[in-house]
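**Student:** As given, the protein sequences belong to chains A and B, one line each in that order. Here this note's numbering is used: the first residue of the first sequence is 473, the next is one more, and so on. Here this note's numbering is used: the first residue of the second sequence is 2, the next is one more, and so on. Below: one structure in structure tokens.
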Amino acid sequence: MDFTHTEIQTMLADSVGKFINNEYDFDTRQGYAGSDQGYSEEVWSTFAELGWTAVPFTEEDGGFGGGPTDVMVLMQSLAPGLVVEPYLANIILAGGILRRAASPEQKERWLQAIIGGELQATLAFNEPQARYDLASVHTTATPDGDGWVLNGTKGLVPNGGTADLLIVPARTSGATVEEDGITLFAIDANAAGMSRNAYATVDGLRAAEIMLDGVRADADAVIGEVGKGFAALDATIDDATLAVCAEAVGIMYVLKDKTVEYSKSRKQFGVPIGSFQELQHRMVDMLMACEQAQSLLMWSVMKRDAEGDDCKRAVNSIKYLIGTEGKKLGEDAVQIHGGMGVTWDLDVAHYFKRLTTIGTLFGNADWHLDKLADTAPQP
Amino acid sequence: MHVTFSDNDLAFQEEVRAFFRDELPDDIRKAMDSGAEMQPEMQIRWQQILYRKGWAGVNWPIEYGGTDWSPVQKYIFAREEAFANAPIVIPFGLRMVGPVIYTFGSDEQKQRFLPDILASNVWWGQGYSEPGAGSDLASLKMRADFAGDHYVANGTKTWTTLGQYADWIFCLVRTSTDVARRQEGISFMLIDMKTPGITVTPIILLDGKHEVNEIHFDNVEVPVENLVGEEGKGWTYGKVLLQHERTNSAHTFRSEYALRKLRAQAARSVRGAPPLADDRNFMRKLAAVEVDLKSLEYIELRTLAAVTSGRAPGPESSFLKIKGTEIVQAIDELAMEAAGYYALPYKAEPSVGEGAETQSALTYFNNRKVTIFAGSNEIQKNIIAKHVLGL
């Protein structure tokens, strides 16, 4: 039994932590978030130079051979920076599909470029009608000569406005909510017939609504087998869920620490507000939520390491806990910061907004609790 | 990161599992499964089986007859004990006064008391709380006045669990009022319940059961040799004891066992009704408690890993009691809900209801105590706020 980091994980945590401390303070982050691009290309190059873009990929694919635990360490270390660079969209989502399902030629063409920091890709995992159901795919792909033609709309595509390559699940057969019959396509973001309605999300990141109107895809744009794309999509979203949960746990600790610190310095009625029992107990609840979330996160990634894609309940469990306890912790952090907590200038509100966004991403607490209610735990 | 056990630990787990499978008497097993309260005779019989195996003093040092187990082995033992639904060892002797005596007692006290505690020959009671001193224990008023070769004790102790069976009682008593802090001037004493001047009054709890007592001391003579350690240092000794009490308070394995039973019960159709598993509301609540418990289990494992590698447990250990008891109550509530009308019979005939369901409301009522005793959960939060958050 061992809950400590490996040497490599410690190095990873140290180097990410150092970067956030030295080069990514809150004002810098806000600058990147408010820029046209919505993030810094220079920072992204740094990510690639330091090897962070290679973490979840096998050595054979030119990666670092990291597993869920390594991704957890990385995401948790990035969390204090509220990083706006598209690690989730590009590395976890698009990269996740490619490493699972792409052919060697496709990996050579796209995955290498992603790891090298030269290509921004993303995954259009959502549609307007789908809510959190990944199998709800109305977008169609119909055969056209030796290729395909795609029609449909994708909602909330992370980094969808700036990505060069979109991985698009489209229905090639089956009913609109069937897992079977979904095919994954790699589409150039500037392909004819594609229009992108890009917007900022409440957490300062970027997304896009994407319309595909007769977009043509060549036969070699298909990733994996025709009609069998759901497994890779589902597994990738589970990976992404664990990744954002790790980020959320990192944010929870930051909010807890900042709140405790603030309550010691902020005086009202002549005493620090941290001397009030009501606030003390709330902060103890915040601490407990952090430790619970950290512990459950460790269980979840260990299950993922050990059991691969079969550990659905571990993913559901941690996402449910983040969606409930994380939300409560964020709200309490704002409440205890009082008026300052609801201002744009204080970072606390931005951590809270990111935590809230994560609560919704890849299924909210209710969605995941339903999954837990509908399935039985393994013995 | 991993949570696999070593081969030695796995072999130990097999040994412990076999022991509970083979040695737990059928009548005791049945009584436990029915959810009924444990009879003292069964309790003692079981603890003596553990004693004969050499497994009574799990936490005791080997020189006093303990096991010398590693933290991981203790963890494995507690888990197997819970999954076998074996009776919970009565803590007052083995887990509370025993450790205080072997840590702070004289050689004579060790020889005199420890063997009988280990063998469960003597039933101990706990004399901490008083009618006016609950969570604020340092305000205790029971006094013991020095009178040459003995003390004269006067006062009242309360909430003495199963004190009606106690042969001896350990008490925190005030031996001096001339002190700077209330925590000073308190001493730790061992009192023979047969001493003249002691009366035991039952307190009936909300489930109608006689589980706790008030104990009155009226000019009770306590020989000086029954004072443990130094006069006036009782508060320090008592804190050690409460730490032992709290580390055993997470109940994770018992809760896991109870949840598994509840899940199995929900999957079955009872009395022709559709299985509860078809009721998503119920299953959502059950799943939410399972998530809570899993996180607590891993908090406990992280604590265990820290202790095993020689580090002090982190802040996560402080709230095992809070979270553990909240989960116990949540499970009790679900069990009561699962039973529906069949939770309501009070002292049901055996022919009414199935399994432990007719005990479920009583258990729910009885276990309101768990967030109150051993320092209420609110007191625990005060402690964490002060010592962990530095507030």
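Positions of the beta carbon are idealized from the N, C-alpha and C atoms, including for glycine. All figures in this text were calculated on a predicted structure; none of them were measured in a lab.
Just checking my contact of B/PHE171 with B/GLN127 at CB under 8 Å: how many whole Å lie between their CB atoms?
**Tutor:** The pair is a contact, with the Cβ atoms about 7 Å apart (cut-off 8 Å).
**Student:** What residue range is occupied by the uninterrupted beta strand (DSSP E) comprising A/TYR671?
**Tutor:** Unbroken beta strand (DSSP E) run through A/TYR671: 666-672.
**Student:** Report all residues from its chain with a CB closer than 7 Å to the CB of A/GLU750; omit the five preceding and five following residues, and keep chain order.
**Tutor:** Once the five neighbours on either side are set aside, A/GLU750 has no close Cβ partner at all.
**Student:** Check the Cβ-Cβ distances between B/ALA288 and every residue of chain A, and say whether any is below 8 Å.
**Tutor:** True, the Cβ-Cβ gap to chain A drops below 8 Å.
**Student:** Flag B/THR359 as yes if its beta-carbon sits less than 8 Å from any beta-carbon of chain A, otherwise no.
**Tutor:** No, no contact with chain A.
**Student:** Got a sec: does the ligand MN put a non-hydrogen atom nearer than 7 Å to the Cβ of B/MET190?
**Tutor:** What this structure holds is no ligand at all, so the ligand MN is not there to describe.
**Student:** Spatial neighbours of B/ILE45 within its chain, please: CB distance less than 8 Å, with the 5 preceding and 5 following residues excluded, ordered by chain position.
**Tutor:** Same-chain partners within the cutoff: SER121, TRP124.
**Student:** Do the CB positions of B/THR176 and B/GLU232 come within less than 8 Å of each other?
**Tutor:** Contact: yes.
**Student:** So A/ALA635 and A/ALA593 are supposed to be a Cβ contact under 8 Å. How far apart are they, rounded?
**Tutor:** Confirmed, about 6 Å.
**Student:** For A/MET483, does the count of other Cβ atoms within 10 angstroms reach 16, so buried, or fall short, so exposed?
**Tutor:** A/MET483 comes out exposed.
**Student:** Give me the chain A residues within the contact set of B/VAL4, using Cβ-Cβ distance strictly less than 7 Å, ordered along the chain.
**Tutor:** Those within 7 Å of B/VAL4 in chain A are MET473, MET774.
**Student:** Which class does B/SER136 belong to by DSSP, given the choice of helix, strand or coil?
**Tutor:** Correct three-state label for B/SER136: coil.
**Student:** Using the beta-carbon of each residue, which ones in chain B are nearer than 9 Å to A/TRP771?
**Tutor:** The answer, in chain order, is VAL4, LYS295, SER296, GLU298, TYR299, LEU302.
**Student:** Between which two residues does the alpha helix (DSSP H) carrying A/MET547 extend?
**Tutor:** Run containing A/MET547: 540-550, per the alpha helix (DSSP H) assignment.
**Student:** Identify the contact partners of A/LYS736 in chain B, using a Cβ-Cβ distance below 8 Å as the criterion.
**Tutor:** In chain order: GLY391, LEU392.
**Student:** Could you tell me whether the Cβ of B/LYS396 comes closer than 8 Å to any Cβ of chain A?
**Tutor:** Residue 396 of chain B lies beyond the residue range present for chain B, which begins at 2 and ends at 392; the question has no answer from this structure.
**Student:** State buried or exposed for A/VAL732, treating a residue as buried only when at least 16 other CB atoms are found within 10 Å of its CB.
**Tutor:** That one is buried.
**Student:** Give the straight-line distance between the Cα atoms of B/ALA336 and B/PHE283, rounded to the nearest whole angstrom.
**Tutor:** Between B/ALA336 and B/PHE283, the C-alpha separation is close to 11 Å.
**Student:** Taking the alpha helix (DSSP H) that B/TYR258 falls in, what are its first and last residues?
**Tutor:** Looking at the DSSP string, the run of the alpha helix (DSSP H) that includes B/TYR258 is 253-268.
**Student:** How many angstroms separate the CA atom of A/GLY831 from the CA atom of A/GLU803?
**Tutor:** Rounded to whole angstroms, A/GLY831 to A/GLU803 spans 13 Å at the Cα level.
**Student:** Just how far apart, CA to CA, sit B/HIS388 and A/GLN752?
**Tutor:** Whole-angstrom Cα-Cα distance: 12 Å.
**Student:** Inspect the CB distances between the stretch 319-326 of chain B and the stretch 779-786 of chain A and report whether three or more fall short of 8 Å.
**Tutor:** Judged by Cβ distances under 8 Å, the stretch 319-326 of chain B makes no contact with the stretch 779-786 of chain A, as fewer than three pairs qualify.
**Student:** Mind checking B/GLN40: buried by the 16 CB within 10 Å criterion, or exposed?
**Tutor:** The residue is exposed, with fewer than 16 neighbouring Cβ atoms inside 10 Å.
**Student:** Quick one: using the 10 Å Cβ neighbour count with 16 as the cut-off for buried, is A/PRO600 buried or exposed?
**Tutor:** Per the 10 Å Cβ criterion, exposed.
**Student:** With a CB to CB cut of under 6 Å and the five nearest residues on each side skipped, what residues in its chain are close to B/PRO72?
**Tutor:** LEU305, VAL308, THR309, listed in sequence order.
**Student:** Nearest to B/VAL153 by CA position, among B/ASP219, B/THR159, B/ILE205, is which residue?
**Tutor:** Minimum Cα distance to B/VAL153 is reached at B/ASP219.
**Student:** Hey, does A/VAL543 have any beta-carbon neighbour from chain B nearer than 8 Å?
**Tutor:** Answer no: the Cβ-Cβ gap between A/VAL543 and chain B never drops below 8 Å.
**Student:** What residue range does the alpha helix (DSSP H) around B/TYR76 cover?
**Tutor:** First-last of the alpha helix (DSSP H) with B/TYR76: 72-84.
**Student:** Using only the alpha-carbon positions, how far apart do B/GLU327 and B/MET2 sit?
**Tutor:** Distance between the alpha carbons of B/GLU327 and B/MET2: 28 Å.
**Student:** Give the interface partners of A/GLY746 over in chain B, defined as CB-CB distance under 7 Å, in chain order.
**Tutor:** Result: LEU392.
**Student:** Does the Cβ of B/THR359 have 16 or more other Cβ atoms within 10 Å, making it buried, or fewer, making it exposed?
**Tutor:** Buried, by the Cβ-count rule.
**Student:** With 8 Å as the threshold, decide whether the Cβ of B/VAL292 is near any Cβ in chain A.
**Tutor:** For B/VAL292, the answer is yes, since a Cβ of chain A falls inside 8 Å of its Cβ.
**Student:** For the alpha helix (DSSP H) containing A/MET760, list its first residue and its last residue.
**Tutor:** 749-779 is the extent of the alpha helix (DSSP H) around A/MET760.
**Student:** Determine the DSSP secondary structure at A/GLU836, reduced to helix, strand or coil.
**Tutor:** Note that residue 836 of chain A corresponds to Asn in the displayed sequence, not to Glu. Correct three-state label for A/ASN836: coil.
**Student:** Where does A/PRO540 land, buried or exposed, given buried means 16+ other C-beta within 10 angstroms?
**Tutor:** The residue is buried, with at least 16 neighbouring Cβ atoms inside 10 Å.
**Student:** Using only CA atoms, which one of B/LEU260, B/GLU298, B/LEU302, B/ASN383 lies nearest to A/VAL756?
**Tutor:** Closest option to A/VAL756, Cα to Cα, is B/ASN383.
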